[in-house]
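Residue numbers (full-length UniProt numbering), protein chains in the order written: chain A, 1 to 129; chain B, 1 to 129.
Even for Gly, the Cβ is constructed at its ideal location relative to N, Cα and C.
Okay, so here's the structure we're looking at.
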DNA sequence: CCGTATCCACCGGGATACTG
DNA sequence: CAGTATCCCGGTGGATACGG
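As structure tokens, then:
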């Protein structure tokens, strides 16, 4: 099985496993620890900053801000600020962001389905023989 | 929207966004930089260590070994060693590993489809206005 | 050929403190 | 409320050298 690198590989039938391949860069981005969870937390609808922070247990303010900025830059979320006091900012998935939900959902489901198997495998592997 | 940990709607387990949630741990694992590529590189069939190293451009020996060990521990790949000189080791996806290909493929396809959009969005975002 | 061991630079990311 | 700014520690991962 040979896939091309986002179809922009110099050599036809090029390898998606090439360094610096744009596809790999995107994979890195959406594969990061928090992006997946933010997409899930944004789910369907709009959420304020503090709401997201509450939903995603364990995320720091810094990482939430940073992740949202990256996602905004990548066109995955929109940021709407209401100039009132106190400030109110709302985040929302764009169409592109929404379209990510499917693939990520599939991954989450895989995790759920195979959780038991993985944990068992780990115990077996860790058995001192 | 409240989703429960392990996706089981309404109840035991709690929120998937909770710290230490097993689902999150698995997500972290398969979401890592190299696992995705190893699954792809193993594709359909068996591959030797050096073969994988060649296919996945940019991976270091250390990281390939480490990733394969983790995957073996998680029950995603099998490792077969042939005691000959020079040594020969072959890796192969387990059924569980194979079942990961679908979800990951979906992610890769998303990347390819949205690559252009993301790069454009980035340029717009980076415009000094 | 297929690793393991060691050293080390880098940076992701938490804690904390401060603004509009 | 929703950030920005700083400091700083620990882990990730590359480079290199050696072993079965």
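Asked	Found
Reference residue 48 (chain B); option with closest CA among B:33, B:128, B:93	B:93
Against chain A: residues of the region 73-93 of chain B by CB proximity under 9 angstroms	73, 74, 75, 76
C-beta neighbour in chain B for residue 121 (chain A), strict 7 angstroms	yes
Alpha helix (DSSP H) segments (min. 4 residues) lying fully within the UniProt domain "HTH hxlR-type" (21-119) of chain B	22-30, 35-42, 49-55, 61-73
Spatial distance of residue 64 (chain A) from residue 102 (chain B) (CA atoms)	29 angstroms
Residues that residue 50 (chain B) contacts on chain A, provided the C-beta gap is smaller than 8 angstroms	None at all; the shortest Cβ gap to chain A is about 15 angstroms.
Test item: CB-CB of residue 117 (chain A) and residue 96 (chain B) under 7 angstroms	yes
Chain-ordered neighbours of residue 186 (chain B) on chain A, where CB pairs are closer than 8 angstroms	Here chain B covers residues 1 to 129 and nothing more, so residue 186 (chain B) does not appear.
Reduced DSSP category for residue 122 (chain B) - H, G, I as helix; E, B as strand; rest coil	helix
Cβ pair residue 73 (chain A), residue 122 (chain B) closer than 7 angstroms	yes
Any non-hydrogen atom of the ligand ATP closer than 6 angstroms to residue 57 (chain A) Cβ	Among the components modelled here there is no ligand, and therefore nothing to report on the ligand ATP.
Chain B residues whose Cβ lies nearer than 8 angstroms to that of residue 65 (chain A)	Neighbours of residue 65 (chain A) on chain B: none; closest Cβ ~15 angstroms, over 8 angstroms.
Beta-carbon spacing of residue 46 (chain B), residue 67 (chain B) below 7 angstroms	no
Contact with chain A by residue 42 (chain B), beta-carbon distance below 7 angstroms	no
Cα-Cα separation, residue 107 (chain B) to residue 32 (chain A)	13 angstroms
Best match in A:124, A:28, A:50, A:119 for proximity to residue 86 (chain A) [C-alpha to C-alpha]	A:50
Beta-carbon separation (whole angstroms), residue 104 (chain A) vs residue 39 (chain A), contact threshold 8 angstroms	6 angstroms
Test: residue 35 (chain B) CB closer than 7 angstroms to a CB of chain A	no
Test item: CB-CB of residue 23 (chain B) and residue 111 (chain A) under 7 angstroms	yes
CB contact check: residue 103 (chain B) to chain A, cutoff 7 angstroms	yes
Within chain B, partners of residue 23 (chain A) - CB distance below 9 angstroms	108, 111, 112, 115
Residue 69 (chain A) classed as buried or exposed, judged by whether at least 16 other C-beta atoms fall within 10 angstroms	exposed
Rounded straight-line distance, which links the Cα of residue 41 (chain B) to that of residue 54 (chain B)	10 angstroms
Top-ranked residue by Cα proximity to residue 21 (chain A), from B:26, B:37, B:25, B:100	B:37
Cutoff 7 angstroms: residue 68 (chain A) Cβ touching any chain B Cβ	no
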